[in-house]
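Chemist: Supplied in structure tokens, the structure appears directly below.
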Amino acid sequence: MIIVYDSNTGVGKRFAESLGYPTQSIKEKLDAPCILITRNAGAGKIPWSTKSFIKKHQGLIKGFVNNGDSIKHGKTYCGATPLIIEKYGLVHIRNIDQGGNDEDIQAVQEFLESC
């Protein structure tokens, strides 16, 4: 299983790397099952880069984690989550706040072990 991340600031990348699985950017070629660590664009929208990745690799994505910042974006915190579920039908693993914590890491690792 590969952890694929869409990260502008490096926060999503750091969370992906904390999971103990191989990681790669959404910009790299994918040919194995993965989970996606994504982010929000604007006021809780799906980033175009995430949309493009999902359209191309939807069959390989086992689930997704959305990273947001509840302090900066209170009302729109992880607003892309319901949009991704509705538009693409992906399994939602977890929302994480500001890069996540130990509990988030454990929950995502448990999901990965069940795949």
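Its first residue numbered 3, the sequence shown is counted upward by one per residue in our numbering.
Glycine is no exception: its CB is placed at the ideal position from the N, C-alpha and C atoms.
A quick note: this is a predicted structure, and the numbers were derived from the prediction, not measured.
Report buried or exposed for G12, applying the criterion of at least 16 other Cβ atoms within 10 angstroms of its Cβ.
Modeler: Locating residue 12 in the sequence shown gives position 10, where the first residue counts as 1. When all chains shown are included, G12 counts as exposed.
Chemist: If you draw a straight line from the alpha carbon of L2 to that of V6, how long is it in whole angstroms?
Modeler: Given that the chain is displayed from residue 3 to residue 117, the structure contains no residue 2 and the question cannot be resolved.
Chemist: Hey, out of F55, F17, K57, N10, whose CA is closest to Q111's CA?
Modeler: The residue labelled residue 111 in the question sits at position 109 within the sequence shown. Among F55, F17, K57, N10, the Cα nearest to that of Q111 is on F17.
Chemist: Could you tell me the distance, in whole angstroms, from the CA atom of K15 to the CA atom of Y23?
Modeler: Taking the sequence shown and counting its residues from 1, one reaches residue 15 at position 13. Taking the sequence shown and counting its residues from 1, one reaches residue 23 at position 21. Distance between the alpha carbons of K15 and Y23 is about 12 Å.
Chemist: How close, in whole Å, do the beta carbons of I48 and A82 come, if the pair is a contact with beta carbons under 8 Å?
Modeler: As a first step, residue 48 must be located in the sequence shown, where it is residue number 46. As a first step, residue 82 must be located in the sequence shown, where it is residue number 80. At roughly 5 Å, the Cβ-Cβ gap stays under 8 Å, so I48 and A82 are in contact.
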